[in-house]
Structures are given as structure tokens and as C-alpha cells.
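So the number in the working numbering is just where the residue sits in the sequence shown, counting from 1, plus 10.
Before any comments, here is the structure.
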Amino acid sequence: MKLKIAIQKSGRLSEDSLKLLKECGIDIPNGTGKLKTEASNFPLETFFLRDDDIPKYVEDGVADIGIVGENVLLEQKVALTTVQKLGFGKCRLSLAVPKGVDYEGVSYLAGKRIATSYPTILQNYLAQHNVQAQIHEISGSVEIAPSIGLAEAICDLVSSGSTLFTNGLKEVDTVLKSEAVLVASPKIAAPQEALLKKLVFRMNAVLKAKRNKYILLNAPNDQLDEICRILPGMKSPTVLPLAMEGWSSVHSVLNEDDFWDIIENLQAKGAEGILVVPIEKMIV
Ligand code: PRT
Ligand code: ZN
């Protein structure tokens, strides 16, 4: 009995998907050229597929779970459960127009031609904004559509923005923010569901660890209360006496979101020798 996972064969999500599984302690043999492999130390079978095919395989129950971009999932309107956001493959589906255009809002697009590989998501977005436009579905190189006279605007994935820039386009509205997600089949059977639970437990530990840092610092004892108040910690900070009289070592865990604010506060309260260390796994 195995849990079957579908991941992208080769592309932007492949490496990070394999890396995440590896960080969960699952060794997947090098899949180059193979369509499926079995992990040596977890009952997991991996299918390597084109990302566009993953939702269907999972919906049909051929694979129990899959890793795919939210953009692909929403475009295909398949009935899958999103189990977890995975924090990689981040991008946005954006509207862009030639950089000289005076774009004052989505109503600019009324009656215009928009080239995209995401007609469903774009159609919903336009409908929400009461804009009627002509959607031209093309499967690749969307960014060249305006310069060859195919469309006045495009709707495409953007990460750094350099593709838009080199094609003389500017990003004007974000239609969707996307990242890779773990999805599960509505047809998943009970034994596979139990394995999925195990996998998700490990993924949580890995993802939580990535979002947090371990912090060690030296604090003068007369500032300890103040400093401990700033530091959240998993339960509360650990405080150990230093060999030097009047000082303590304080250990805690910080979330990346409020990280720099807290560091500044700690320094202002007299903390010294602050060390910040990555965490490998975090189980709470
Ligand atoms: O062969 P297969 O069908 O499996 O792969 P694919 O070519 O369809 O997909 P791939 O590997 O390009 O992308 C897989 C997933 O990665 C996408 O579905 C998104 O969820 C995610 N992702 C994250 C991106 C990007 N960032 C991204 N920048 N997918 C595509 N791009 C493209 C974009 O289409 C544009 O051409 O990169 C270009 C823009 O990048 P910047 O950095 O210049 O803005
Ligand atoms: Zn694809």
C-alpha cells in the first residue's frame, strides 16, 4: 500500500517539490527520464507529469495527491482539496499593457483584445469588474502578443517582472497571487489518507521551521524581564546564567514576519551578541 503523489516532471516546481519531500526525510531516487519512482524509506510512489496534467490525475484518483500551482488549479476548475500552501513557486497572474499606455483601471480593457493562457481566471476577473473584452487564448509566449498586433493587453504570470520589461510592457493589475500547493483527491482511500496525514505532519514541521529562526543573545540581568517580554519563544524564552556575573543568555524562536522589528527592540533594551540560527524542523 502506497501513497501516490504527482509532481512536475521538469519545470519551475520540480526541484522545490523534490527538495521539500527530501526535507521531509523521503528519499526519491533520481527521476531523470522516468515517469514514476518509489521512495526507499516511505510508502510513496512519485509520478512525474506536466503540471497541467496534475489536477486531472489527482481528480481521477490516479494519484492521491499532487503538487501544483494555484494558477493551474483555478484555471482548470477541478474539485480538489487544497491541503497546504507550500511557500514556493510564488508568482502573480497580472494584466500588462505596453509601457506607453495610459492605464487608469481595468475599465481601460473594455472592448480590447487580451492575450492569455488563463482564459477562465481572466474571464472571472473581468466579469467581477463588469468589463467586456475579447480574450485570445494562446499557450505560450504571451508577452509578444502586443508587439505583433495580436492584442492590446496580456494576462500572464509574473515573478521578477523582467520578461514584461524586456518586452516593453508594464504590469498594471494583479488578477491572482499564486504559489505551489499540495492537493488531495476526493477519491483518496482511508489507508492513503493516513499516510497523507503523516506526510503533512512532516511538511508542517519543515515549513514552520523555514518561517522561524532560533535566536540567542546575551542580556544584562537588570533588563531580563523587558527582553523576555519582547521575545515570544515556543512556550517562553530559555534563560541561562552566563559565567560573567550579571549577564544571562536568552534563547528563543522568532517568526520571520516580525523578525527585524524584534531585533531592533532587543538591541534598544541592551541585548548583545545576538546570534540568529536557521531551524531544520519545528514540531509544536
Ligand atoms: O512542462 P510543464 O507544462 O510542466 O511546465 P510549464 O512550462 O507549463 O510551467 P513552468 O515550469 O514554467 O511553471 C510551473 C509553475 O511555476 C506555474 O504554473 C506557476 O505556478 C509557477 N511559476 C512561478 C511560474 C513563474 N513563477 C513564472 N515566472 N510560471 C511561469 N513563469 C513564467 C511566466 O509565464 C513568464 O513567461 O516566467 C515568465 C515571467 O517571469 P519573470 O521573472 O520574467 O517575471
Ligand atoms: Zn504547463
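In this text, a Cβ means the ideal position worked out from N, Cα and C, and glycines have one as well.
Since this is a predicted model, take the numbers as computed values, not measurements.
(Q) Check whether the stretch 153 to 166 and the stretch 48 to 67 touch, using three or more Cβ-Cβ pairs below 8 angstroms as the test. (A) no
Exercise for the section: Count the C-beta pairs between the stretch 237 to 254 and the stretch 201 to 221 that are closer than 8 angstroms, then say yes if the count reaches three, no if not. Expected result: The way I'd put it, the stretch 237 to 254 doesn't touch the stretch 201 to 221; fewer than three beta-carbon pairs between them come closer than 8 angstroms.
* To do: Can you give me the Cβ contacts of Ile225 inside the same chain, cut-off strictly under 6 angstroms, excluding the 5 residues immediately before and after it?
  => The residues are Ser262, Leu264, Val286.
>> Quick check: the Cα distance between Glu33 and Cys101, rounded to an integer number of angstroms?
In response: 23 angstroms
Sequence-distant residues of its chain with Cβ nearer than 7 angstroms to Glu236 (five each side left out): Lys279, listed in sequence order.
Could you give the uninterrupted runs of the beta strand (DSSP E) lying entirely in the stretch 147 to 232, keeping only those of 3 residues or more?
163 to 168, 179 to 188, 190 to 194, 222 to 230
- the stretch 191 to 207 / the stretch 111 to 130 touching (three or more Cβ pairs under 8 angstroms): The answer is no - the stretch 111 to 130 does not touch the stretch 191 to 207, with fewer than three Cβ pairs under 8 angstroms.
Note the first and the last residue of the continuous alpha helix (DSSP H) segment covering Pro129. 129 to 138
Quiz item: Which stretch, first to last residue, makes up the beta strand (DSSP E) that contains Gln18?
Solution: Where Gln18 is concerned, the enclosing beta strand (DSSP E) stretches over 13 to 18.
### Query
Just to confirm, are Leu167 and Ile131 a CB contact at a threshold of 8 angstroms?
No.
With a Cβ-Cβ cutoff of 8 angstroms, do Lys291 and Val216 count as a contact? yes
Considering only residues of the same chain and omitting the five flanking positions on each side of Asp267, which have a CB-CB separation below 6 angstroms? none
Quick check on Glu48: buried or exposed, where buried means 16 or more other Cβ atoms within 10 Å of its Cβ? The residue is exposed, with fewer than 16 neighbouring Cβ atoms inside 10 Å.
Check your understanding: When we look at the beta-carbon of Asp37 and count the other beta-carbons within 10 Å, is it buried (16 or more) or exposed?
Key -> exposed
Margin query: With H, G and I counted as helix, E and B as strand and the rest as coil, what does DSSP make of Gln277?
Written below: helix
| said: Let me check understanding here. Comparing Cα to Cα, which of Val68, Ala281, Val72 lies closest to Ala89? | reply: Val68
message: So, with DSSP's three-state summary, where would you put Lys95?
response: strand
(Q) Going by DSSP in three states, Cys101 sits in which element: helix, strand or coil? (A) strand
Worksheet item: What residue does the alpha helix (DSSP H) around Ser246 start on, and which one ends it?
Response: No alpha helix (DSSP H) holds Ser246; DSSP gives it neither H nor E.
| Among the residues of its own chain, which have a CB less than 6 angstroms from the CB of Glu80, if the five just before and after it don't count? | Ser188, Val191
For the stretch 20 to 93, list the alpha helix (DSSP H) runs that are entirely contained and at least 4 residues long, ordered along the chain. Qualifying alpha helix (DSSP H) stretches, in chain order: 24 to 33, 64 to 69, 80 to 86.
DSSP three-state assignment for Val286, whether helix, strand or coil:
strand
Requested in this report: From the DSSP output, in three-state form, read off Val263 for me.
Outcome: strand
* Give a single yes or no on whether Arg60 has its beta carbon closer than 7 angstroms to a heavy atom of the ligand ZN. => yes
**Q.** Close beta carbons around Ser27, own chain, < 6 angstroms, minus the five adjacent residues each side
**A.** Taken in chain order, the residues that qualify are Ile17, Ile77.
With a Cβ-Cβ cutoff of 8 angstroms, do Cys165 and Leu84 count as a contact? Cβ distance not < 8 angstroms, so Cys165 and Leu84 don't count as in contact.
task: Tell me whether Ile237 sits in a helix, a strand or coil according to DSSP, three-state version.
output: helix
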